[in-house]
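Notes follow the structure.
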Amino acid sequence: MRLNTYLPHRVRKYLPLALTVVGLLMIPTLAWAIPGSGEFVSGASAGGEKITQLYNTIAKICLGILIVVEGILLFVIIKFRRTSEDEQPEAVHGNLQLEVGWTLAALLIQIFIGWKSVDVMFDVETDPTTVKSESNPELLVEAIAWQWDWKFRYPSQTFNGEEFETFTSDDLVVPSNTKVELDVTSRDVLHSLYVPALGVKIDAVPGRFNYWWFSAEGPTALPDVGEKATRKENPRSQKKLVTTRSDVPDLMPDTILPTESPYTETTESGYQQVDYLGESRATPEQSPYQKYNAIEYVGMCTELCGKGHWDMYFRTVAMTRSSFADWIEDKKNPGAVETNGKKLYASECQTCHGEQGKGNPPSYPPLRNTKWTNDKEGDDITVEDHIEIVLMGSNAESLKGPTTVKGVTYGGDAMTYSGQNSGLYDEQVAAIVNHERQKSWNNDGVTVNAEDVAKVRKDLGFEPKPAPKPGQIAQDKLMTEGEKLYSGSCASCHGEDGKNGPEVPNVAGSGAVIGGSAKSLVKTLVQGQDTDAPGFQPPVGRNMTNRELAAVLTYIRQSWGNEASPIQPGEVQKARQQLDGSSR
Amino acid sequence: MSTTQAKGFLSPSTEKAEESFLWYLKEWFCTTDAKRIGIMYMAFGVLMGIIGGALSMLIRIELMQAGPDIMSDTFYATLPGMHATLMIFFFIIPIFTGVANFVVPLQIGAPDMAFPKLNLAGFWILPPAGFMVLSAYLVPGGAPGFGWTGYPPLSVQASMGADLWIAGIILVGTSSTMAAVNFLSTVFNMRCKNMTLFQMSLFTWSLVVTSFLILASTPVLTSALMMLELQRTFPAAFHFFDPAGGGDPILYQHLFWFYSHPAVYIMILPGFGLISEVIPTFSRKPIFGYPVMAWSMIAIAVLGFVVWAHHMFTTGIAVEVRMAFMVLTMLIAVPTGIKIFSWLATMWGGSLEFKTPMLFALGFIAMFTIGGLSGVVLASVPVDIQLHDTYYVVAHIHYVLVAGSVMTIWSGIYYWYPKMTGTMYNEFWGKVHFWLTTIFINVTFFIQHYLGLQGMPRRYYDYAPQFEWANTISSVGSFILFAAQFIALVNLIVSIKTGDEVDKNVWGDGTQLEWAAKSPPAHHNFEGDMPVWEPVDRSHGHDDEQAQPSPAE
Numbered sequence: 010m011r012l013n014t015y016l017p018h019r020v021r022k023y024l025p026l027a028l029t030v031v032g033l034l035m036i037p038t039l040a041w042a043i044p045g046s047g048e049f050v051s052g053a054s055a056g057g058e059k060i061t062q063l064y065n066t067i068a069k070i071c072l073g074i075l076i077v078v079e080g081i082l083l084f085v086i087i088k089f090r091r092t093s094e095d096e097q098p099e100a101v102h103g104n105l106q107l108e109v110g111w112t113l114a115a116l117l118i119q120i121f122i123g124w125k126s127v128d129v130m131f132d133v134e135t136d137p138t139t140v141k142s143e144s145n146p147e148l149l150v151e152a153i154a155w156q157w158d159w160k161f162r163y164p165s166q167t168f169n170g171e172e173f174e175t176f177t178s179d180d181l182v183v184p185s186n187t188k189v190e191l192d193v194t195s196r197d198v199l200h201s202l203y204v205p206a207l208g209v210k211i212d213a214v215p216g217r218f219n220y221w222w223f224s225a226e227g228p229t230a231l232p233d234v235g236e237k238a239t240r241k242e243n244p245r246s247q248k249k250l251v252t253t254r255s256d257v258p259d260l261m262p263d264t265i266l267p268t269e270s271p272y273t274e275t276t277e278s279g280y281q282q283v284d285y286l287g288e289s290r291a292t293p294e295q296s297p298y299q300k301y302n303a304i305e306y307v308g309m310c311t312e313l314c315g316k317g318h319w320d321m322y323f324r325t326v327a328m329t330r331s332s333f334a335d336w337i338e339d340k341k342n343p344g345a346v347e348t349n350g351k352k353l354y355a356s357e358c359q360t361c362h363g364e365q366g367k368g369n370p371p372s373y374p375p376l377r378n379t380k381w382t383n384d385k386e387g388d389d390i391t392v393e394d395h396i397e398i399v400l401m402g403s404n405a406e407s408l409k410g411p412t413t414v415k416g417v418t419y420g421g422d423a424m425t426y427s428g429q430n431s432g433l434y435d436e437q438v439a440a441i442v443n444h445e446r447q448k449s450w451n452n453d454g455v456t457v458n459a460e461d462v463a464k465v466r467k468d469l470g471f472e473p474k475p476a477p478k479p480g481q482i483a484q485d486k487l488m489t490e491g492e493k494l495y496s497g498s499c500a501s502c503h504g505e506d507g508k509n510g511p512e513v514p515n516v517a518g519s520g521a522v523i524g525g526s527a528k529s530l531v532k533t534l535v536q537g538q539d540t541d542a543p544g545f546q547p548p549v550g551r552n553m554t555n556r557e558l559a560a561v562l563t564y565i566r567q568s569w570g571n572e573a574s575p576i577q578p579g580e581v582q583k584a585r586q587q588l589d590g591s592s593r
Numbered sequence: 026m027s028t029t030q031a032k033g034f035l036s037p038s039t040e041k042a043e044e045s046f047l048w049y050l051k052e053w054f055c056t057t058d059a060k061r062i063g064i065m066y067m068a069f070g071v072l073m074g075i076i077g078g079a080l081s082m083l084i085r086i087e088l089m090q091a092g093p094d095i096m097s098d099t100f101y102a103t104l105p106g107m108h109a110t111l112m113i114f115f116f117i118i119p120i121f122t123g124v125a126n127f128v129v130p131l132q133i134g135a136p137d138m139a140f141p142k143l144n145l146a147g148f149w150i151l152p153p154a155g156f157m158v159l160s161a162y163l164v165p166g167g168a169p170g171f172g173w174t175g176y177p178p179l180s181v182q183a184s185m186g187a188d189l190w191i192a193g194i195i196l197v198g199t200s201s202t203m204a205a206v207n208f209l210s211t212v213f214n215m216r217c218k219n220m221t222l223f224q225m226s227l228f229t230w231s232l233v234v235t236s237f238l239i240l241a242s243t244p245v246l247t248s249a250l251m252m253l254e255l256q257r258t259f260p261a262a263f264h265f266f267d268p269a270g271g272g273d274p275i276l277y278q279h280l281f282w283f284y285s286h287p288a289v290y291i292m293i294l295p296g297f298g299l300i301s302e303v304i305p306t307f308s309r310k311p312i313f314g315y316p317v318m319a320w321s322m323i324a325i326a327v328l329g330f331v332v333w334a335h336h337m338f339t340t341g342i343a344v345e346v347r348m349a350f351m352v353l354t355m356l357i358a359v360p361t362g363i364k365i366f367s368w369l370a371t372m373w374g375g376s377l378e379f380k381t382p383m384l385f386a387l388g389f390i391a392m393f394t395i396g397g398l399s400g401v402v403l404a405s406v407p408v409d410i411q412l413h414d415t416y417y418v419v420a421h422i423h424y425v426l427v428a429g430s431v432m433t434i435w436s437g438i439y440y441w442y443p444k445m446t447g448t449m450y451n452e453f454w455g456k457v458h459f460w461l462t463t464i465f466i467n468v469t470f471f472i473q474h475y476l477g478l479q480g481m482p483r484r485y486y487d488y489a490p491q492f493e494w495a496n497t498i499s500s501v502g503s504f505i506l507f508a509a510q511f512i513a514l515v516n517l518i519v520s521i522k523t524g525d526e527v528d529k530n531v532w533g534d535g536t537q538l539e540w541a542a543k544s545p546p547a548h549h550n551f552e553g554d555m556p557v558w559e560p561v562d563r564s565h566g567h568d569d570e571q572a573q574p575s576p577a578e
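Protein chains in written order, with this note's numbering: chain F, 10 to 593; chain V, 26 to 578.
Spelled out as structure tokens, the structure:
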């Protein structure tokens with residue numbers, strides 16, 4: 010029995026010491042499991058907050074069990090270690106009461122955790138179907154994943170009383186504190202949309218839409234803080250503040266700012282922006298969304314989707330409803346529409362037809378040297394048919410029925426893509442067609458322009474869709490919109506014809522209206538004004554978007570004999586920014 | 026039965042083997058002796074474990090610092106999947122089969138497995154399978170970069186390395202099916218006199234339960250992989266997982282996890298059984314609550330078949346369905362908890378001796394509890410949705426498989442090493458190995474809980490710079506953890522020659538039949554007449570005067 014006594018005294022002497030060392034080593038690691046230490050990061054939406062609380066509850070219970078088990082283990086190790094070779098402990102084969110006891114205890118704990126989880130689960134996931142109204146709008150966004158990026162499609166809908174046409178965005182931009190329905194799908198393999206701060210994770214599966222909803226925390230109109238912040242009671246009965254103004258904590262003490270996630274940073278002006286978006290998307294020092302009242306959260310892909318899986322970050326931007334309306338405006342009037350055929354082909358067509366147009370037989374046909382991309386004698390396909398295919402996909406006349414390309418037969422109805430539904434402009438469709446007909450793909454190199462596309466659209470019964478010119482909104486559009494707004498918000502005091510004196514100042518012929526700067530006019534409408542005349546000009550423009558303000562101002566400056574210059578939304582935005590700056 | 030005459034090579038080596046190395050190898054490679062086949066399983070498992078570990082080292086080197094470092098993202102994408110494939114299919118599962126091959130016939134008092142040639146065939150399927158999977162790195166397009174799960178459509182679009190991977194995994198399934206059939210035949214037909222089912226050792230019990238799991242679940246994995254391969258090879262004809270052809274990619278996940286969730290229990294139940302051998306021996310007490318321990322393994326196995334969809338909570342399946350799977354998942358914690366408390370109760374009042382196997386068993390209980398509890402956290406649907414596919418899941422699975430399965434494997438190897446070789450390993454270096462392993466498992470994996478909670482997804486080639494410090498800690502921990510395993514290898518190999526020779530009942534307190542055999546056991550395990558088991562009376566009469574017959578029993 011020499012082996013049994015090999016080093017035992019030394020081991021016995023140092024064992025408690027060694028265990029203490031390990032115990033000490035583990036204390037900091039255990040600290041992470043302690044609830045409320047802010048490590049669970051999904052606190053920026055109502056659903057996420059509930060999930061965080063649930064995690065904290067379960068983590069507390071588990072930590073308790075862990076301490077009990079490790080405690081008993083340590084006690085047993087120290088108390089019952091062998092002190093003499095002759096020890097012969099009593100042979101105990103079991104204890105029914107003890108066994109039934111811990112079985113029931115484990116069962117009860119699990120039932121409790123399960124009950125809590127079911128509670129939160131239905132709370133978080135069940136659609137809080139409300140009557141959609143002006144004060145309670147809902148937004149529908151489609152997230153489309155592919156290898157390896159995201160696109161967010163805003164299908165044509167009415168939001169907050171305003172109708173907009175389909176458009177797409179690279180980032181998920183949503184109005185804050187508003188129910189957003191997210192329909193997620195994929196063009197190729199499985200992906201998963203994950204926004205840690207909002208507690209949103211849902212797989213993107215080709216061939217189906219998966220549904221999730223959320224309501225992101227962010228700035229919104231609040232009487233005592235203005236446009237810039239929202240406040241809500243935190244479950245730990247502290248006031249939590251979501252703001253884009255750095256001075257709000259000074260104005261409103263007893264508040265805590267939302268915890269930052271590892272992916273975001275707060276700039277000096279109090280704007281929380283994403284500072285890491287992987288390799289393919291740049292993070293400039295100033296986020297392009299900083300001009301809005303917004304807060305950014307990071308989003309990414311969590312389902313392995315190939316080599317670029319790690320590089321599918323996007324921004325989730327929660328902004329006030331008026332900022333959101335401005336953002337839609339800006340999307341309608343972008344500085345420059347992408348008209349590079351290669352880039353458009355990459356984002357619209359490449360997934361199926363390949364970077365070099367070689368297709369992926371037998372599912373996706375090639376585009377090189379085919380009758381579809383060449384105007385050869387004897388074939389029945391013209392360049393107009395090519396445009397129609399890009400616009401209509403399988404609904405194009407020339408794709409009806411099975412299609413044979415280079416000896417392989419494809420189902421013509423398999424082309425689910427449609428440039429019309431994706432909201433492409435005429436110029437963009439032309440750029441794609443030209444890219445596909447390039448000579449280096451052994452095609453004829455025929456080029457088309459926006460007019461050709463517009464003509465095809467007309468023949469199909471659609472309106473032409475020219476790319477907007479940067480910046481400006483047509484004057485007649487502003488006038489019609491302004492007239493509506495004027496009669497709704499202003500005419501009751503100022504009169505339909507701009508004259509309702511003497512109690513209320515005339516708008517028609519008013520020096521302040523004709524000669525005033527955009528800034529002074531915006532200030533009057535947004536902040537209200539104590540005038541010489543009796544009464545008070547109320548801040549009717551506070552909840553108007555930049556475009557609405559621009560429309561009203563343009564209307565009053567160009568009606569009833571007034572002949573001042575129109576005011577564009579951009580000027581209004583600039584004026585509002587200056588006002589915000591000076592009001593601090 | 027006592028005069029079983031079998032052809033083929035049986036231990037010990039013949040004289041001819043001492044003259045010719047080739048003949049020596051042939052005696053090993055063509056043996057039908059379960060003990061030798063078991064050792065070959067273990068050697069093969071360790072070899073694949075080293076390769077799999079080396080792949081994980083590449084992962085940790087790449088992740089040690091933020092930003093791309095030593096490899097391309099294309100190559101990186103292959104690593105997590107190949108690491109998991111090697112560790113799960115070629116390391117943990119075969120090594121338990123190996124230990125069981127050696128021990129189970131001994132524990133039931135049988136001379137060998139029921140089908141010795143099937144046993145050898147089952148083993149020899151593994152090396153070609155392992156070679157096929159690894160050779161994926163050599164073909165055009167490289168190894169498959171779709172994880173060990175191989176979800177379509179990514180696995181449909183992968184290059185030809187994926188075909189090798191699929192073929193290799195199907196072969197592993199065939200091999201483990203053969204082993205499972207063999208174990209069940211052996212245990213049900215070849216137990217010695219008086220060895221009823223509820224007299225068997227808990228390790229043998231765990232192998233019975235595991236074998237049923239393998240038989241019931243492996244065909245489903247094989248079908249799923251065959252469907253995948255058909256769709257890859259004949260994409261125009263088969264659209265199982267292709268929505269354009271009326272299929273559904275989610276179908277594959279259902280089939281895959283119907284195997285792969287039970288596979289988790291295939292990897293941990295033998296460990297449970299093994300710990301139930303080690304703890305009584307080094308506590309000088311019988312196992313606490315033997316029938317409950319056996320039944321709880323059966324309960325875990327049965328429940329293990331009805332929880333697979335908890336891997337798929339984010340795929341968009343209906344909320345009511347997920348609720349059912351969540352409740353069933355949480356129920357598994359009950360039998361698991363019973364086992365942990367029974368082990369503690371076994372030690373309570375005992376006389377504990379801290380030899381290396383016992384240390385590994387204690388470390389297993391301490392750390393597996395963490396893995397079990399993070400499993401409880403993950404079972405809750407809303408929390409799982411947030412943590413799914415993040416590093417929290419990576420931490421959880423490594424606390425279950427490294428702090429769980431690997432720790433028990435080491436415990437078992439140290440425990441039966443003297444029985445296998447007839448010599449004793451070096452206790453000092455065994456303890457060094459234990460302490461380094463235990464400490465650096467925690468350093469490597471505990472911090473990954475934090476990364477997951479903070480929202481770092483798994484299988485990422487690069488990450489936000491704010492995660493760098495935690496990843497560095499994890500990487501450094503993993504390097505030491507990997508290096509420490511070689512201490513054990515050297516210790517175990519050198520001790521064959523230098524270790525002290527040992528007696529039959531090495532630990533003095535072993536109660537199972539293997540300790541009645543010579544070390545190493547003779548040609549057909551037991552010399553002379555076949556052993557007869559002395560039944561153990563496990564009534565609870567000893568401890569309680571107050572325990573009345575209860576209707577609950």
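For every residue, glycine included, the Cβ atom is placed at its ideal position computed from N, Cα and C. Quantities reported herein were computed from a predicted structural model and do not represent experimental measurements.
Just to confirm the assignment: which complete beta strand (DSSP E) runs, minimum length 3, are found wholly within the region 377 to 427 of chain F?
411 to 414 and 417 to 420
Could you tell me the alpha carbon to alpha carbon distance between lysine 448 (chain F) and glycine 454 (chain F), rounded to whole angstroms?
Counting from 1 along the first sequence, the entry for residue 448 (chain F) is found at position 439. Counting from 1 along the first sequence, the entry for residue 454 (chain F) is found at position 445. Spanning the two alpha carbons is a distance of roughly 5 Å.
Alpha carbon to alpha carbon, what distance is there between aspartate 487 (chain V) and tryptophan 190 (chain V)?
The residue you call residue 190 (chain V) lines up with position 165 of the second sequence. The residue you call residue 487 (chain V) lines up with position 462 of the second sequence. Those two C-alpha atoms are separated by around 26 Å.
Does DSSP put leucine 286 (chain F) in a helix, a strand or coil?
On the first sequence, residue 286 (chain F) is found 277 positions in, with the first residue counted as 1. Three-state DSSP puts leucine 286 (chain F) in coil, outside helix and strand.
Partner residues on chain F for tryptophan 320 (chain V), Cβ-Cβ distance less than 8 Å
Counting from 1 along the second sequence, the entry for residue 320 (chain V) is found at position 295. Ordered by position in chain F, no residue passes the 8 Å Cβ test against tryptophan 320 (chain V), which lies about 11 Å from the chain.
For glycine 428 (chain F) versus glutamate 312 (chain F), is the C-beta distance shorter than 9 Å?
As a first step, residue 428 (chain F) must be located in the first sequence, where it is residue number 419. As a first step, residue 312 (chain F) must be located in the first sequence, where it is residue number 303. Taking 9 Å as the Cβ cut-off, glycine 428 (chain F) and glutamate 312 (chain F) do not qualify as a contacting pair.
Do glycine 155 (chain V) and leucine 111 (chain V) have their C-beta atoms within less than 9 Å of each other?
Within the second sequence, the letter at position 130 stands for residue 155 (chain V). Within the second sequence, the letter at position 86 stands for residue 111 (chain V). A contact, by the Cβ cut-off of 9 Å.
Where do the N-terminal and C-terminal ends of the beta strand (DSSP E) with proline 184 (chain F) fall, by residue?
One-based indexing of the first sequence puts residue 184 (chain F) at position 175. Its beta strand (DSSP E) spans residues 181 to 184.
So valine 133 (chain F) packs on proline 407 (chain V), CB below 8 Å; how close in whole Å?
Translated into the one-based positions of the first sequence, residue 133 (chain F) becomes position 124. Translated into the one-based positions of the second sequence, residue 407 (chain V) becomes position 382. Indeed they touch by this definition, with Cβ atoms about 6 Å apart.
Using a Cβ cut-off of 9 Å, pull out every chain V residue sitting near aspartate 197 (chain F), in sequence order please.
The residue labelled residue 197 (chain F) in the question sits at position 188 within the first sequence. The answer, in chain order, is Pro178, Leu179 and Gln182.
Chain F within 9 Å of threonine 99 (chain V), Cβ atoms only
Residue 99 (chain V) sits at position 74 when you count from the first residue of the second sequence. Judged by the 9 Å Cβ criterion, threonine 99 (chain V) is in contact with chain F.
In whole angstroms, give me the CA-to-CA distance for threonine 57 (chain V) and asparagine 144 (chain V).
Here residue 57 (chain V) is taken as the residue at index 32 of the second sequence, counted from 1. Here residue 144 (chain V) is taken as the residue at index 119 of the second sequence, counted from 1. Near 7 Å, if we compare the C-alpha coordinates of asparagine 144 (chain V) and threonine 57 (chain V).
DSSP three-state label for valine 234 (chain F), please.
One-based indexing of the first sequence puts residue 234 (chain F) at position 225. Per-residue confidence for valine 234 (chain F) stands at a pLDDT of 44, beneath the threshold of 50, marking its modelled position as unreliable; the derived number appears in the next sentence. DSSP places valine 234 (chain F) in coil when its eight states are reduced to three.
Beta-carbon of glycine 315 (chain F) versus every beta-carbon of chain V: anything under 9 Å?
If you number the first sequence from 1, residue 315 (chain F) lands on position 306. True, the Cβ-Cβ gap to chain V drops below 9 Å.
For a minimum of 4 consecutive residues, which ranges assigned as the alpha helix (DSSP H) are wholly contained in the region 37 to 62 of chain V?
40 to 44 and 46 to 54
In angstroms, rounded to a whole number, what distance separates the CA positions of leucine 191 (chain F) and proline 105 (chain V)?
Within the first sequence, the letter at position 182 stands for residue 191 (chain F). Within the second sequence, the letter at position 80 stands for residue 105 (chain V). For leucine 191 (chain F) and proline 105 (chain V), the distance between alpha carbons rounds to 31 Å.
Limits of the unbroken beta strand (DSSP E) element including glycine 308 (chain F):
The residue you call residue 308 (chain F) lines up with position 299 of the first sequence. From DSSP, the beta strand (DSSP E) with glycine 308 (chain F) extends over 303 to 310.
For the beta strand (DSSP E) holding serine 178 (chain F), just list the boundary residues, first then last.
Mapped onto the first sequence, residue 178 (chain F) falls at position 169. 176 to 178 is the extent of the beta strand (DSSP E) around serine 178 (chain F).
Contact list for the region 45 to 67 of chain F against chain V, Cβ threshold 9 Å
Glu48, Phe49, Val50, Ser51, Gly56, Gly57, Lys59, Ile60, Thr61, Leu63, Tyr64 and Ile67
Cutoff 9 Å: threonine 112 (chain F) Cβ touching any chain V Cβ:
On the first sequence, position 103 is the one that residue 112 (chain F) refers to. Chain V contact via Cβ: present.
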